[in-house]
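Reading through the structure tokens given below for one structure.
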Amino acid sequence: MALLVHPSQPLSYLSRLIQSELPSTTTEKGESRVPAVSFRAVESKDDEVGPKKTRANKIKGPNDPEETDIGEGGVESYSGAGREGDAKVEGDFIRWSASTEIGDFIRDAARAKEFEVEIEGKKDAIKVAVPSFNDRTFYLRQRLRRAATKLSDMAKLKSECDKLAHRAGQRIAMGGCGALIGYWYLVYRLTFETDLGWDVMEPVTYLVGLSTLIGGYMWFLYHNREVSYRSALNLTVSRRQSRLYEQRGFNVHKWEGMIEEANVLRKEIKMIASEYDVEYDETADEKDPRVVKALREEREKEKSSKKKEGDDDDDSRD
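FYI, my numbering numbers position 50 of the sequence shown as 578, with every residue one higher than the one before it.
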């Protein structure tokens with residue numbers, strides 16, 4: 529069974545959904561009304577903690593002659609195996625308060641792998657198998673695996689292009705280093721080993737330095753980037769990457785969209801895992817280490833951008 533409702537919704541919401549599909553009944557007074565719907569789960573005899581009293585107080589159902597005290601405490605942490613589990617819990621089925629959140633109820637009912645839906649006027653309760661973590665996330669994990677497979681092929685091509693671009697950037701950087709060394713050697717030779725001397729070379733070196741300063745400022749105006757060796761190298765590498773991506777048919781927009789989709793799927797699976805109190809290892813579905821790394825980098829980039837926006841908002845308020 530898959531509960532297509534939000535886990536934070538109360539059981540009363542699920543009761544109303546079921547009541548909307550039930551025929552009305554007639555009371556002894558001849559009044560027509562919708563049958564009451566309640567939910568029951570096994571109360572373990574050896575529980576150290578039970579359902580919270582605030583959401584599972586003493587209640588009296590239509591088929592119960594006496595009130596039932598469900599207990600105090602918090603919800604236990606279970607394996608998330610649900611109907612697939614092998615736990616054997618002995619105890620009586622007790623009715624839960626309608627204000628209980630569906631997520632809490634399902635987590636607690638997972639111990640016995642099933643719960644009961646009791647409908648007023650029906651002799652037998654309806655037994656419902658509790659969906660396991662694998663049941664709830666089956667299609668999400670399938671989609672994540674398919675996305676990871678496509679990303680794996682694209683990541684291989686992207687890695688090759690990135691390596692070639694970085695090598696090209698390093699060659700250009702080494703060429704720039706060689707040019708600086710050649711300039712230094714030329715100034716040395718013209719200053720100390722020719723008749724020009726320092727009287728001529730001093731204004732030349734001054735003008736070269738001033739030209740470098742003007743060129744750096746023009747770089748800043750055109751590219752809107754800080755003038756540094758790092759920014760120049762990054763610009764060279766990024767341009768080389770763009771050319772290689774275009775030459776080899778790598779679609780950057782498709783890559784970014786699939787990365788975003790995979791992270792959304794991972795987030796949804798993680799949320800369900802938290803509902804079941806289980807640890808989810810996404811590397812089993814993402815498989816390729818390059819895909820795992822790309823998704824992690826995108827999440828870190830998103831976190832840093834959000835943090836930066838938060839800091840900017842704080843500064844603007846100040």
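Yeah, the Cβ is synthetic: ideal placement off N, Cα and C, and Gly gets one too.
Under the assumption that residue i contacts residue j (Cβ atoms under 8 Å), give the Cβ distance between them as a whole number of angstroms.
i	j	result
Y773	C705	About 27 Å; that fails the 8 Å criterion.
S680	P538	Contact flag wrong, Cβ pair sits at about 43 Å.
W568	E644	It is worth fixing the name first, because residue 568 is Arg in this sequence and not Trp. Yes, they are in contact, since the Cβ atoms of R568 and E644 sit about 4 Å apart, within 8 Å.
R635	D813	R635 to D813, Cβ: 23 Å. No contact.
E642	K655	5 Å
A675	A790	5 Å
V889	W747	The structure shown does not extend to residue 889, since the chain is modelled only from 529 through 846, so no value can be given for it.
R768	A693	4 Å
K815	Y808	Wrong, their Cβ atoms sit about 15 Å apart, outside the cutoff.
S548	T554	Not quite, the Cβ-Cβ distance comes to about 18 Å (not below 8 Å), so this is no contact.
I647	L550	7 Å
Name the residue from the options whose alpha carbon lies nearest to the alpha carbon of residue i.
i	options	result
P731	Y745, T722 and V715	V715
Y541	L550, K831 and V565	V565
E629	S536, L668 and A822	S536
F778	M682, G744, G703 and A675	M682
T733	T719, E754, L692 and T665	T719
D663	G649, I709 and I800	I800
L761	V658, M786, Q698 and W712	Q698
V562	I622, A638 and G649	G649
A638	T553, S660, S625 and E646	S660
L672	I787, V658 and S759	I787
S802	K557, K782, D632 and M702	D632
S770	I546, L685, E826 and S552	L685
I546	T554, K691 and V533	V533
R827	S560, S552, L793 and E646	L793
A657	L692, V570 and M702	V570
Q670	S832, P817, E807 and E796	E796
S687	W783, K798 and L708	W783
H751	I742, L763, I700 and V780	L763
R758	G558, F621, I622 and A701	A701
L708	V728, E646, T677 and T740	T740
L668	E810, S832, K829 and E825	E810
P817	T677, T665, D723 and A653	T677
Between which two residues does the alpha helix (DSSP H) carrying residue i extend?
i	result
A564	Here A564 belongs to no alpha helix (DSSP H), and DSSP marks it neither H nor E.
K686	F661 to F720
V533	First-last for V533: undefined, no H or E at that position.
G777	That residue, G777, is in no alpha helix (DSSP H); it is neither H nor E in DSSP.
E814	T811 to E814
G649	Unbroken run through G649: none, as it is neither H nor E.
G558	Unbroken run through G558: none, as it is neither H nor E.
What residues match up with residue i in a beta bridge as DSSP calls it?
i	result
V570	F621
F643	V656
E629	P538
T553	R561
Considering just the uninterrupted stretch of the beta strand (DSSP E) at residue i, what are its terminal residues?
i	result
V656	I654 to A657
V780	No beta strand (DSSP E) contains V780, which is instead part of the alpha helix (DSSP H) from V780 to Y804.
V755	It is not in any beta strand (DSSP E) - V755 carries neither H nor E in the DSSP assignment.
With a threshold of 6 Å, establish whether the CB of residue i neighbours any heavy atom of the ligand ZN.
i	result
E814	Absence of the ligand ZN is noted for the structure shown, with no ligands found whatsoever.
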